[in-house]
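Structure record follows, encoded as structure tokens.
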Amino acid sequence: IVGGVVTPIQSHPWVSAIYRGAKQDRRFLCGGSLIAPCWVLTAAHCFPDGNNTDLQKLSVFLGKSAINETDVQKEQNFTVEQLVLHAGYNHSKYNYNNDIALLKISSRDGACAAKTTWTRTVCLPPPRTTLPEGMECTVAGYGFESDESSGNSQYLREAKVNLNSQSLCKSFYHDDHNITDNMFCAASPKWTRDACQGDSGGPLVCEIAGRAFLYGVVSWGEGCAKRNKPGVYTRLTNYNSWIAQETGLLSYTTG
Ligand code: 4AZ
Numbered sequence: 001i002v003g004g005v006v007t008p009i010q011s012h013p014w015v016s017a018i019y020r021g022a023k024q025d026r027r028f029l030c031g032g033s034l035i036a037p038c039w040v041l042t043a044a045h046c047f048p049d050g051n052n053t054d055l056q057k058l059s060v061f062l063g064k065s066a067i068n069e070t071d072v073q074k075e076q077n078f079t080v081e082q083l084v085l086h087a088g089y090n091h092s093k094y095n096y097n098n099d100i101a102l103l104k105i106s107s108r109d110g111a112c113a114a115k116t117t118w119t120r121t122v123c124l125p126p127p128r129t130t131l132p133e134g135m136e137c138t139v140a141g142y143g144f145e146s147d148e149s150s151g152n153s154q155y156l157r158e159a160k161v162n163l164n165s166q167s168l169c170k171s172f173y174h175d176d177h178n179i180t181d182n183m184f185c186a187a188s189p190k191w192t193r194d195a196c197q198g199d200s201g202g203p204l205v206c207e208i209a210g211r212a213f214l215y216g217v218v219s220w221g222e223g224c225a226k227r228n229k230p231g232v233y234t235r236l237t238n239y240n241s242w243i244a245q246e247t248g249l250l251s252y253t254t255g
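Set out below in structure tokens:
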């Protein structure tokens with residue numbers, strides 16, 4: 001997160017830290033969001049090996065304010081039972097259409113996430129709803145603090161960003177012709193705040209009537225907090241039925 005502030009995990013209790021590697025050389029891979037006790041939503045591009053990803057090398061932590069510190073009182077850790085990549089995900093330079101994936105998590109004793117002060121699920125937004133242009137939402141993650149960073153932030157950070165209209169988003173990336181309707185852009189008015197490398201997969205939440213809804217997944221962007229290059233997010237409201245289908249969780253019905 002560029003231009004943000006450190007925030008405790010209890011302010012974003014759905015934030016998930018996904019790691020790859022055995023205990024000795026465990027490396028932070030991506031952020032994610034807990035959408036149900038057994039399911040973490042993240043970005044497909046976090047798994048370049050696609051369906052050949054070795055699930056045994058993945059681990060998911062909840063309740064972590066710092067990625068390289070262990071707080072046994074607060075954190076819960078899980079293995080990954082299942083990785084569901086969106087079948088329509090295709091990856092080319094600056095084009096991450098359908099950049100969405102689900103992880104089914106399981107603790108050593110076979111349980112899913114328990115609700116605590118530090119861990120809670122986030123609400124999914126009603127399908128196909130759009131929020132007004134300019135609305136202020138919040139992105140959170142453990143990623144780079146600037147384009148020139150050499151590593152992730154030790155602590156979870158958040159930044160406020162404003163939603164761009166789809167036409168503005170497309171005009172900012174006009175030369176690449178790569179903004180699909182499964183994406184939206186968000187940026188800060190003076191281009192000082194943004195998601196960055198390492199924030200991928202993490203949440204953009206918008207508050208409506210005092211409740212946080214997961215509207216976006218950090219996906220891509222040209223650089224970080226760069227003028228006329230907003231952050232690009234996966235548009236969650238296009239995926240309610242995909243999520244319902246892949247997880248077996250109840251989806252919204254109309255009304
Ligand atoms: C990345 O490399 C990345 N400024 C994520 C988000 C943004 C840029 C890069 C948005 O994962």
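Position 207, counted from 1, in the sequence shown is what my numbering calls 207; the numbers after and before it change by one each time, with no gaps. For every residue, glycine included, the Cβ atom is placed at its ideal position computed from N, Cα and C. Nothing here was measured: the structure is a model prediction, and the numbers come from that model.
Secondary structure at Gln154: coil, using DSSP grouped into helix, strand and coil. In the DSSP annotation of this structure, the continuous segment of the beta strand (DSSP E) that includes Phe61 starts and ends at Leu58 to Leu62. Under the Cβ criterion (8 Å, minimum of three pairs), the stretch 191-205 counts as touching the stretch 152-165. The residues Pro13, Trp14 and Leu34, in chain order, have a CB closer than 8 Å to that of Arg120 in the same chain once the five nearest residues on each side in sequence are set aside.
If you draw a straight line from the Cα of Thr130 to the Cα of Gln24, it comes to about 44 Å.
Sorted by chain position, residues whose beta-carbon lies closer than 5 Å to a non-hydrogen atom of ligand 1 are Asp194, Ala195, Gln197, Ser200, Gly221, Cys224 and Gly231. Distance from the Cα of Leu214 is smallest, within the candidate group Gly221, Glu222, Gly223 and Pro203, for Pro203. Counting the other Cβ atoms within 10 Å of the Cβ of Arg157 gives 16 or more, which makes it buried. Using a 10 angstroms sphere on the CB of Thr70, the tally of other CB atoms stays under 16, which defines it as exposed.
In the three-state DSSP reduction, Ala101 falls in the strand class (E or B). Per DSSP, Trp118 lies in no beta strand (DSSP E) segment and is marked neither H nor E. The C-alpha of Ser219 is placed about 9 Å away from the C-alpha of Cys46.
Its chain contains Asn162 as the residues whose beta carbon lies nearer than 8 Å to that of Pro189, once the 5 sequence neighbours on both sides are disregarded; these appear in chain order. A distance of 8 Å or more separates the beta carbons of Ser59 and Thr42.
Counting the other CB atoms within 10 Å of its CB gives Val217 a total of 16 or more, which places it among the buried residues. DSSP places Gln166 outside any beta strand (DSSP E); the residue lies instead in the alpha helix (DSSP H), whose first and last residues are Gln166 to Phe172.
The three-state secondary structure of Cys224, taken from DSSP, is coil. DSSP, reduced to helix, strand and coil, places Asn90 within a strand of the structure shown. Within the model, the alpha-carbon separation for Arg227 versus Gly143 is close to 19 Å.
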